[in-house]
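Residue numbers (my numbering), protein chains in the order written: chain A, 646 to 940; chain F, 116 to 436; chain R, 23 to 277.
A short worksheet on the structure shown next.
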Amino acid sequence: MSVLVASIGFGLISTSILAIAAVGFTLQFGVTNVFNLAYGSVMTGAAYAAYVANQFGVDIWVSMVLGGLFGAALSLLINRGLYTPFARHGLGLAGIIQVTLALGLILENGLQAIFGPSYHSYQMSQGPSFHFGSMVFTAVQVGIMGIALASMIGVHALLAHTKLGKAMRATAADAPLARSCGIRTEFVTDIAWLLSGLLCGIAGVILVMDLQSFTSTTGSNFLVPVLAAAVLGGIGQPYGAMLGALIIGMVSEVAAAVTLPQYKEVIAFVILLVVLLFRPRGILAEVASLKEVVA
Amino acid sequence: MSIAWQFYISSILVYLGVDVMACWGLNLQFGVTGIMNFAYIVFQAAGAYTAAILTLGPSSRSLFQHYIGGANLPFPIPIIAAGAVGALLSLVVGTFTLRRLRVDYQAMVMLIVSLIAINVATNQVDLVNGSAGLSLVPKPLSQVLNLDLVNYQWFYVALTAVVCVIVFLFVHQVTRSPLGRTLRAIRDNEHSAAALGKNVTRFRLLAFVLGGAIAGVSGAILVEFIGTWAPGSWTYAETFVLFTAIIVGGTGNNLGVAVGALLVPVVFLEATRFLPPIGYPGLIDALQWVAVGLLALLFLWRWPRGVIPERRRRFRKPAPG
Amino acid sequence: MPGVDTGHILVVEALRRSFGGVHAVDGISFEVQRGRITGLIGPNGAGKSTVLGMLAGAVQPDSGSIRVEGKELAGRPAYERARHGVGRTFQMAGEFPRLTVLENLLVGMPNQRGERLLSALLGNWTRQEEAAVEKARSLLRRFDMTAKEDDYAGELSGGQKRLLEIMRALMSDPHLLLLDEPMVGVAPTLVGAIEEYLRELCDHGLTILIVEHELGVVERLCDTVMVMARGALISQGTMRDIQSSREVADAYLIG
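See the structure below:
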């Protein structure tokens with residue numbers, strides 16, 4: 646029983662990291678329709694950016710913010726410098742996916758060329774431990790959950806209560822219509838990439854803070870669970886991504902504790918495949934299907 | 116030619132044949148039908164494992180590797196079985212993924228499939244010996260032919276060439292026929308194809324299964340030659356090399372795809388063998404992947420139809436008057 | 023034959039479809055007479071394209087019945103409708119851009135032997151192919167497109183693409199042809215030619231249902247006109263009846 650409770654604790658940490666990453670992925674996808682397979686490598690890039698800052702003696706939490714900003718800047722740059730030109734060049738959906746995959750490979754191996762194949766760690770302490778029944782969290786883990794919660798509340802506030810958030814939702818639902826209603830969709834697109842990159846960067850750094858060591862493939866190895874969470878909830882749906890993160894994060898950790906630890910990811914993926922069989926657009930997908938018909 | 120050079124060149128020719136075959140299979144799925152199969156290498160691996168297990172003796176007699184089955188079957192049964200397993204696995208995966216999913220979802224599901232496959236192959240050690248992989252796979256007909264090592268190498272080159280010709284005739288007959296035309300129509304616009312009475316899912320599944328069979332055969336030819344197969348050799352990045360080869364060579368054109376297989380996996384990746392070692396071990400590998408990625412971007416931007424673009428099909432005109 | 027209404031090729035009853043709580047089509051019923059050209063008009067967002075999509079099988083209705091030649095087709099996939107004699111064109115980009123014009127038409131040929139794997143491998147499809155090419159070329163001649171035979175469909179002008187789609191749908195000799203705004207982007211000189219040809223097809227027994235924005239086209243072409251607004255059928259009759267209808271005028275003004 647205590648194993649189960651402890652695994653729920655692990656599940657909460659996984660959920661927190663996944664939620665930030667998946668919401669970031671899905672925000673961008675909803676607005677721009679680019680299925681960005683380079684997302685995992687951008688996470689790794691941000692983790693290295695924070696690592697460099699950390700090496701210069703910057704506190705790890707400040708480094709995390711810097712990593713987030715790095716992710717935001719890199720994402721904006723990628724879209725402006727690569728994806729948008731390719732799309733204007735007439736490359737279709739399938740072609741753009743290949744561009745994102747190529748970029749992911751370039752970033753991942755570029756980082757390896759710069760930092761080498763070995764594992765790196767941040768200079769930080771995990772802080773005192775907190776006990777909740779048989780769940781044990783380090784101070785860092787509590788911080789991670791706090792950041793996740795704050796990010797989710799922030800995203801919700803942005804989407805639900807600001808003009809910008811409404812513009813983003815309108816652009817996601819129907820970009821040409823939004824444009825004809827006077828929404829500056831290019832500006833909204835930039836914001837979506839910045840915001841997505843910020844969340845991506847933060848997720849990359851806290852992933853490493855939790856894992857305690859990382860290498861050039863860490864982010865891309867984490868990409869598939871992120872995609873799974875985003876798709877499970879219904880892609881382009883920030884609340885769906887939160888739900889997806891909860892399901893993927895919890896199922897993989899709890900399943901690992903009660904059954905086969907080596908298959909913790911596989912079990913989560915199998916759940917995703919089964920869900921896609923019955924709801925090909927994910928759990929919360931009403932808006933997505935409407936969009937398809939309108940388009 | 117020195118023995119070492121003969122060994123090297125014959126090996127490269129076998130690798131080339133394997134890559135050309137694999138690219139033809141992927142081209143049938145991606146170039147002709149438009150399916151983004153990022154798990155393609157999994158079907159090659161399935162074929163390789165199948166051929167290896169059927170060629171090896173029973174696992175119980177082996178002390179250092181564990182696997183299911185082991186049948187000591189003679190050539191060419193393991194290779195044919197590899198094709199059948201590639202097709203069968205494609206049928207299962209395709210039935211689940213090709214039905215109603217958009218192209219980006221399909222791409223993601225394929226990534227997940229490749230991850231699950233590697234996970235199972237690595238963790239289920241008694242299946243195909245886990246991360247250590249299978250090794251000491253006997254070479255086909257080596258007992259019967261009784262050739263010396265160099266001549267056996269050349270024999271295998273000839274064998275690979277024969278299989279290549281068979282695979283080429285197969286994909287050529289498919290792509291030049293009305294079947295190939297309908298597959299290209301589905302690639303261009305699936306809704307229009309459905310409105311013209313084409314059962315899009317069935318056609319996609321057909322292309323997927325044929326491509327999977329070819330992938331399986333290519334894996335079998337490779338594993339029977341090198342004698343080993345481990346999970347490290349079939350990550351999704353390997354699939355990306357094949358995609359790049361197709362883009363560079365000419366999406367949808369069998370000849371172009373063969374040229375792409377020569378240029379990218381063979382010339383481009385082999386050439387670095389002759390570079391002097393620089394930096395730490397692995398640096399060249401990393402830079403190689405960067406270069407493959409840049410090459411794909413360059414061609415997608417500058418020459419999206421590749422070196423030898425898809426051929427325009429003209430029909431014989433009736434005599435005037 | 024029981025269940026076959028000889029006067030009506032298409033009978034639609036209580037067809038309903040909603041998207042995310044919005045009733046795009048709210049229980050409409052109508053019949054289409056054999057050998058006539060019927061127009062379906064209405065303001066933007068009235069649900070015309072959704073109706074057409076449901077008839078063609080691209081969109082499945084939530085409830086209701088669609089009978090073509092007495093056979094229930096609601097819930098059946100698009101390709102089965104096509105095999106049952108329902109052809110269609112798309113509002114935009116329906117061509118196969120990387121296939122030539124002639125190849126586009128050949129794809130429209132039903133029951134091709136060479137589409138089966140075994141025949142493709144054996145190559146015993148050439149004779150049937152020759153007949154298909156001949157049929158496609160006669161269509162090209164009739165639409166004055168012979169010179170474009172080897173052009174990629176993606177390189178055609180907007181009007182030529184429209185023509186191509188109509189020709190492609192005709193390759194299977196459909197009984198019922200659904201046209202989704204076929205005149206958008208077509209040069210005015212070509213509009214007349216297409217109209218003339220559609221009339222001719224009708225005289226040979228083809229039934230056409232056409233969704234069209236351009237009321238002039240509808241007036242010249244259609245025997246019967248149905249008007250939709252907010253997911254419902256609000257009027258039906260000849261163009262003259264429709265034009266004098268108060269309700270229709272209101273629907274267009276209010277939208």
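We treat Cβ as the ideally placed atom computed from N, Cα and C, and that holds for glycine.
Which residues in the same chain as residue i place their Cβ atom closer than 8 angstroms to its Cβ, once the five residues preceding and following it in sequence are excluded?
i               : result
W269 of chain F : Q121 and S125
A815 of chain A : L822, A823, C826 and I828
L188 of chain F : L169, T170 and A196
H287 of chain F : N369
I362 of chain F : G375, A411, F414, L415, P419 and G421
L711 of chain A : A694, A695, A698 and V703
R164 of chain R : Y219
Should residue i be labelled buried (16 or more other beta-carbon atoms within 10 Å of its own) or exposed?
i               : result
Y164 of chain F : buried
S229 of chain F : buried
P83 of chain R  : buried
V13 of chain R  : The structure shown does not extend to residue 13 of chain R, since chain R is modelled only from 23 to 277, so the question has no answer here.
A273 of chain F : exposed
Y764 of chain A : exposed
I880 of chain A : buried
E43 of chain R  : Here residue 43 of chain R is Gly; the residue named in the question, Glu, does not match the sequence. So G43 of chain R ends up on the exposed side.
A154 of chain F : buried
E203 of chain R : buried
R319 of chain F : buried
G675 of chain A : buried
T807 of chain A : exposed
Assuming the contact rule is C-beta atoms closer than 8 angstroms, residue i and residue j should be a hit. Round their C-beta distance to whole Å, please.
i               : j               : result
I192 of chain F : V911 of chain A : So it is not a contact: roughly 32 angstroms between Cβ atoms.
L131 of chain F : A376 of chain F : 7 angstroms
Q907 of chain A : S766 of chain A : Actually they are not in contact, since the Cβ atoms of Q907 of chain A and S766 of chain A sit about 24 angstroms apart, beyond 8 angstroms.
L62 of chain R  : L231 of chain R : 6 angstroms
G749 of chain A : S865 of chain A : 6 angstroms
E217 of chain R : V239 of chain R : 7 angstroms
G107 of chain R : L198 of chain R : 6 angstroms
V372 of chain F : G146 of chain F : 7 angstroms
L32 of chain R  : V90 of chain R  : 6 angstroms
G198 of chain F : G331 of chain F : 5 angstroms
Does DSSP put residue i in a helix, in a strand, or in coil?
i               : result
K278 of chain R : Shown here, chain R extends from 23 to 277; a query on residue 278 of chain R therefore has no answer.
T122 of chain R : strand
Q700 of chain A : helix
K909 of chain A : helix
V208 of chain R : coil
Y182 of chain F : strand
V932 of chain A : Only weak support is given to the placement of V932 of chain A: the predicted model assigns it a pLDDT of 46, under 50, and the value that follows is read from those uncertain coordinates. Here V932 of chain A sits in helix by DSSP.
D172 of chain R : coil
G259 of chain R : strand
V781 of chain A : strand
L199 of chain R : strand
A100 of chain R : helix
G86 of chain R  : strand
Take residue i and list the residues in its own chain whose beta-carbon comes closer than 6 angstroms to its own, dropping the five residues that flank it on each side.
i               : result
P255 of chain F : F190 and E339
S708 of chain A : A695, A698 and N699
A202 of chain F : V324, G327 and A328
A308 of chain F : A300, I301 and V315
A901 of chain A : K909
D166 of chain R : none
D134 of chain F : A376 and P380
Residues in the same chain with beta-carbon distance under 7 angstroms from residue i, minus the five sequence neighbours each way, listed in chain order, please.
i               : result
P65 of chain R  : A251, A273, Y274 and G277
A667 of chain A : V871, A874, A875, A886, G889 and A890
Sorry if obvious, but does the Cβ on residue i come closer than 8 angstroms to a heavy atom of the ligand FAD?
i               : result
Y101 of chain R : Here there are no bound small molecules, and the ligand FAD is not part of this structure.
Under 9 angstroms (Cβ pairs) to chain A, residues found in the segment 198-216 of chain F: Of all residues in the segment 198-216 of chain F, F211, T212, R214, R215 and L216 have a Cβ within less than 9 angstroms of some Cβ in chain A.
Chain F contacts made by the segment 134-145 of chain R, where a contact means CB separation under 9 angstroms: Flagged, chain order: Q134, R135, G136, E137, R138, L139, S141, A142, L143, L144 and G145.
Members of the segment 742-758 of chain A that neighbour chain F once the beta carbon cut-off is set at 9 angstroms: Flagged, chain order: I742, Q743, V744, L746, A747, L748, G749, L750, I751, L752, E753, N754, G755, L756, Q757 and A758.
Members of the segment 134-153 of chain F near chain A, C-beta cut-off 7 angstroms: Listed in sequence order: G149 and M151.
Against chain R: residues of the segment 257-274 of chain F by CB proximity under 8 angstroms: Flagged: no residues at all.
Under 8 angstroms (Cβ pairs) to chain F, residues found in the segment 758-790 of chain A: Along the segment 758-790 of chain A, going in chain order, the ones with a CB nearer than 8 angstroms to a CB of chain F are A758, G761 and P762.
Selection of the segment 888-915 of chain A by Cβ proximity to chain F, strictly under 9 angstroms: When CB distances to chain F are screened at a threshold of 9 angstroms, the residues of the segment 888-915 of chain A falling below it are L905, Q907, Y908, E910, V911, F914 and V915, in chain order.
Interface positions of the segment 111-128 of chain R facing chain F (Cβ-Cβ less than 9 angstroms), listed along the chain: Residues of the segment 111-128 of chain R with a C-beta less than 9 angstroms from any C-beta of chain F: T111, F112, A115, G116, E117, F118, P119, R120, L121, T122, L124, E125, N126 and L128, listed in chain order.
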